[in-house]
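Be aware that the sequence shown starts at 139, since it is given in the numbering used here, and climbs by one per residue.
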Amino acid sequence: MSKTGSSTKDQGRATSLSEKALLRRSLEEHAAVVERTQKSLQEGYLASIQALLRTLEARDPYTRGHSERVRAWTIRIGRQIGRSELEIEDLGLAARLHDLGKVGIRDAVLEKPGPLSAEEWKVMRSHPAVAVEILSPIRMLQSILPLIRGHHERWDGKGYPDGIQGEAIPLGARVIAVADAYDAMVTDRPYRTGFPREKAREVLQMGAGTQWDTTAVDALLFVQTHANKNNTQPSNPSHHLVRDPVCSMVVVLEVAQAQVIFDDQVVYFCSTACRELFDRNPLIYMRGLSP
Numbered sequence: 139m140s141k142t143g144s145s146t147k148d149q150g151r152a153t154s155l156s157e158k159a160l161l162r163r164s165l166e167e168h169a170a171v172v173e174r175t176q177k178s179l180q181e182g183y184l185a186s187i188q189a190l191l192r193t194l195e196a197r198d199p200y201t202r203g204h205s206e207r208v209r210a211w212t213i214r215i216g217r218q219i220g221r222s223e224l225e226i227e228d229l230g231l232a233a234r235l236h237d238l239g240k241v242g243i244r245d246a247v248l249e250k251p252g253p254l255s256a257e258e259w260k261v262m263r264s265h266p267a268v269a270v271e272i273l274s275p276i277r278m279l280q281s282i283l284p285l286i287r288g289h290h291e292r293w294d295g296k297g298y299p300d301g302i303q304g305e306a307i308p309l310g311a312r313v314i315a316v317a318d319a320y321d322a323m324v325t326d327r328p329y330r331t332g333f334p335r336e337k338a339r340e341v342l343q344m345g346a347g348t349q350w351d352t353t354a355v356d357a358l359l360f361v362q363t364h365a366n367k368n369n370t371q372p373s374n375p376s377h378h379l380v381r382d383p384v385c386s387m388v389v390v391l392e393v394a395q396a397q398v399i400f401d402d403q404v405v406y407f408c409s410t411a412c413r414e415l416f417d418r419n420p421l422i423y424m425r426g427l428s429p
């Protein structure tokens with residue numbers, strides 16, 4: 139082969155490699171633009187969700203306090219049954235958003251100070267599915283949608299909206315169901331006074347294995363007892379109590395395990411695990427989606 143022919147082939151090979159490199163770079167740049175656009179859309183949609191939550195909470199103050207308390211109990215149960223911190227992060231967010239579907243329910247139904255009619259109950263039972271419809275466009279929330287949809291399913295299959303039973307119900311949904319039920323029982327509502335804690339514990343124990351997952355019930359009963367012991371006033375009245383924004387545990391300031399400064403505010407934690415969760419996304423715990 140002549141030198142000219144060899145040189146032409148080398149030039150062609152170099153041109154081909156150069157074109158491939160340019161194409162690869164172009165594809166990478168295009169992918170980066172698409173990713174940034176998707177992230178911007180996701181963040182915008184999430185901001186809209188937070189606005190919807192604030193609207194719901196303004197209409198029904200119980201919803202805000204309830205959702206925050208359910209999140210706290212859900213996180214505690216998740217830790218008690220050995221879930222990973224990433225799973226617990228999902229659990230907490232799902233619990234915070236579990237009643238979002240109520241944003242579409244009329245005030246007359248949502249705040250009715252008495253039993254609901256059959257038609258009103260049908261509307262109320264739609265809220266888990268409505269929440270999923272609202273949240274489904276947000277890619278970052280896909281993993282928690284089954285937890286939100288399933289939080290009113292029952293272990294015996296008599297729940298809603300899908301009537302699934304036992305372990306077919308996502309574990310996270312079973313955990314939220316127990317936390318949701320406990321808080322609903324012990325909290326005052328416009329139409330009734332909350333149960334004493336011992337009465338609520340009895341109801342959970344009676345429903346374990348039929349309405350609720352026994353493991354989740356046992357875990358809540360354990361952490362509820364533990365929380366009561368840890369939330370008593372310190373023997374030294376000069377000690378100050380602080381609340382962990384991640385799990386809502388109240389601890390004595392002097393024995394808090396970790397702290398961080400956020401927006402010129404000192405934030406305290408009951409454990410380094412809670413501190414690590416907070417560090418991943420402090421805005422989730424400090425603004426909008428949590429206390």
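A virtual CB, placed ideally from N, CA and C, is assigned to each residue, including glycine.
A straight line joining the alpha-carbon of Tyr423 with that of Ala233 spans about 13 Å.
Sequence-distant partners of Pro308 (beyond 5 residues in either direction) whose C-beta falls short of 6 Å from its own C-beta, in its chain, are Pro284, Leu285, Gly288.
In this structure, the alpha-carbon of Gln303 lies about 28 Å from that of Gly332. Under the three-state reduction of DSSP, Tyr298 is assigned to coil, being neither helix nor strand. Between Ala338 and Val313, the C-beta spacing is not below 9 Å. In terms of CA proximity to Ser205, Lys240 leads the group Ala267, Lys240, Leu254, Leu161. Beta bridge pairing from DSSP links Tyr406 with Gln397. Our two residues, Pro383 and Leu359, have alpha carbons roughly 22 Å apart in a direct line. Burial of Gly230 is indicated by the presence of at least 16 other C-beta atoms within 10 angstroms of its C-beta. In its chain, beyond the 5 residues on either side, Leu254, Glu258, Val261, Met262 have a beta carbon closer than 8 Å to the beta carbon of Val247. Distance check between Asp294 and each of Ile399, Asp351, Glu157 places Asp351 closest, using alpha-carbon atoms only. For the segment 307 to 365, the full-length alpha helix (DSSP H) segments reaching 4 residues or more read 309 to 324, 335 to 345 along the chain. For a cut-off of 8 Å, the C-beta gap from Ile213 to Cys385 is around 5 Å, short enough to register as a contact.
Here Gln349 is buried. Its C-beta has 16 or more other C-beta atoms within 10 Å. Ranked by how close their Cα comes to the Cα of Tyr320, the residues Ile282, Trp211, Ala196, Ser222 have Trp211 in first place. For Ile187, the secondary structure class from DSSP, reduced to helix, strand or coil, is helix. Bounds of any alpha helix (DSSP H) do not take in Ile282, whose DSSP letter is neither H nor E. Look at Glu291 here: in three-state DSSP terms it is coil, with no helix or strand label.
With distances taken between CA atoms, Arg277 lies nearest to Gly182 out of Ser156, Gly182, Arg418, Gln218. With respect to the C-alpha of Cys412, the residue from Arg244, Val316, Glu223, Ile215 having the closest C-alpha is Glu223.
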